[in-house]
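Here the structure is laid out as structure tokens; the discussion comes afterwards.
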Amino acid sequence: MNWDALGAISEALGAAGVIASLIYLATQIHAQNRESRMAASREVTDAFRESVSSMQDEQRANVVWKAMQDMESLTPPEKLQINAIAQQYLRVWEQAHHQHAEGRLEQESWEAMNTQFIDFMALEVISSVWMIRKNAFRASFRQYVDSLDVGSYQL
């Protein structure tokens, strides 16, 4: 065996090692991207679930119910609480919108959450806070929400 043949074999083995390393890295990046999407989806889903389940708190539910009946009847502390509650919902929706736009929230999850949030926008409680505070949200989200055809909320 001559030195040229040995050099060619060494180069082929080196190239095979590089190719194997690239395949391994591509597999790792793919798995990491998948995990990142799953984590983002889980985070948004948890925030959504938490914001909806927060209505199980009786005092909070009473303030929202009172606001749904007559916004003008709210005391200043209740108005502050309604503002915070509505912004919580809107922030979760904004995050879901962003994660979906970035491809990190699957379509089925987005559609389910989005349907619920569109229903919430039909409530004067939410829509009035939106009109006051919408400039504090991402421009893309403002454009999206303002383009929606909101119906009426049914209990």
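Residue 146 in my numbering sits at position 15 of the sequence shown, and the numbers go up by one each step.
Where a beta carbon is used, it is the ideal one built from N, C-alpha and C, also for glycine.
This one's a predicted model, so the numbers in the text were calculated from it and none came from an experiment.
In the structure shown, N133 adopts coil according to DSSP, grouped into three states. DSSP places S240 in the uninterrupted alpha helix (DSSP H) bounded by 238 to 252. Of the residues assessed, W134 falls on the exposed side of the cut-off, its CB having fewer than 16 other CB atoms within 10 angstroms.
A distance below 8 Å between beta-carbons, with the five flanking residues on each side excluded, links N164 to no residue of its chain. In this structure, V183 lies away from S240, with their beta-carbon atoms at least 9 Å apart. Closest option to A232, judged by alpha-carbon separation, among A162, V276, S271, G148: S271. Secondary structure note for A270: its alpha helix (DSSP H) is the uninterrupted segment 270 to 277. Note that the C-beta distance between E209 and A198 is below 9 Å.
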